[in-house]
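Heads up: the sequence shown is residues 5 to 213, going by the numbering used here.
Every residue, glycine too, gets a C-beta built ideally from N, C-alpha and C.
Because the structure is a prediction, the values reported are computed rather than measured.
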Amino acid sequence: MIPRSVRAPLCLALILAAGPVLAQPKADPDWPCPQRKVTTLGYGSFWTGPDLAEAGEWGSDREAAQLARKLASRRTELREVDTLLDEFAQKADPAEKGKRLTRVFAGVFEIINGERSTVMNGISRYAQGQRRLAERIRDEADKVSEFKDSPESDSTKVASKEVADLESRFNWDRRIFDERNQSVSYVCEVPTILEQRLGEIARRIQAHL
5 MIPRSVRAPL
15 CLALILAAGP
25 VLAQPKADPD
35 WPCPQRKVTT
45 LGYGSFWTGP
55 DLAEAGEWGS
65 DREAAQLARK
75 LASRRTELRE
85 VDTLLDEFAQ
95 KADPAEKGKR
105 LTRVFAGVFE
115 IINGERSTVM
125 NGISRYAQGQ
135 RRLAERIRDE
145 ADKVSEFKDS
155 PESDSTKVAS
165 KEVADLESRF
175 NWDRRIFDER
185 NQSVSYVCEV
195 PTILEQRLGE
205 IARRIQAHL
């Protein structure tokens, strides 16, 4: 049951509990993370080596493409990167080594940038879902209050059951909302983790040029 004395504080607590999803206005209302939303990265922020366009299509170089996919995968530990690059560079024709390593970076950049874009879109959908759930919870709280304020609310078993069912839905939705909201911080870290990985791989590739 939700006593009348706690209804207003409850609604206020619900708004505050939304955290970054509802409390802080953003240019994009569906972006819940503290960092600025940048949907697509530019390779110039990570790469100071040769022009990617002059190196040729990375997908046409089978070995460079294979290495790019392996380096981009988070299953590959960063401590393995130098060994993999050493092996690739040693096999490459010295005259072509720079171009081929540049293709490796181009592939890593495209793969990680694509993965990051997918994550960014997922975060926006996540925030939209939280916003809709918060609105539903507020509606449920208002309906419970209306039932309890009605003179007929205790007059029939049917009315009492309706209130109990509504309170049950309210409590369940609030629990789901709180659990999801607690994971926002982790979800928001993923794009940054990908950017850091991309930057570290770029640095190591450039060291082999």
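Helix, strand or coil at residue i according to DSSP, with G and I counted as helix
i, result
"residue 213", "coil"
"residue 198", "helix"
"residue 41", "coil"
"residue 80", "coil"
"residue 139", "helix"
"residue 193", "helix"
Nearest residue (CA-CA) to residue i, options the options
i, options, result
"residue 200", "138, 129, 76 and 139", "76"
"residue 170", "196, 123 and 152", "152"
"residue 66", "104, 181 and 198", "104"
"residue 180", "137, 197, 124 and 194", "137"
"residue 121", "37, 209, 195 and 187", "195"
"residue 213", "50, 54 and 44", "54"
"residue 208", "109, 182, 168 and 173", "109"
"residue 124", "165, 143, 114 and 44", "44"
"residue 149", "73, 49, 102 and 168", "168"
"residue 70", "46, 39 and 115", "115"
Same chain only: Cβ atoms within 6 angstroms of residue i, ignoring 5 sequence neighbours per side
i, result
"residue 41", "32 and 35"
Host alpha helix (DSSP H) of residue i (start-end)
i, result
"residue 56", "56-59"
"residue 91", "85-95"
Same chain only: Cβ atoms within 7 angstroms of residue i, ignoring 5 sequence neighbours per side
i, result
"residue 178", "141"
"residue 204", "82"
"residue 130", "191"
"residue 106", "53, 54, 56 and 59"
Taking three-plus beta-carbon pairs below 8 angstroms as touching, is the region 55-64 in contact with the region 83-91?
Using a Cβ-Cβ distance cut-off of 8 angstroms, the region 55-64 and the region 83-91 are not in contact, since fewer than three pairs of beta carbons, one from each stretch, lie closer than that value.
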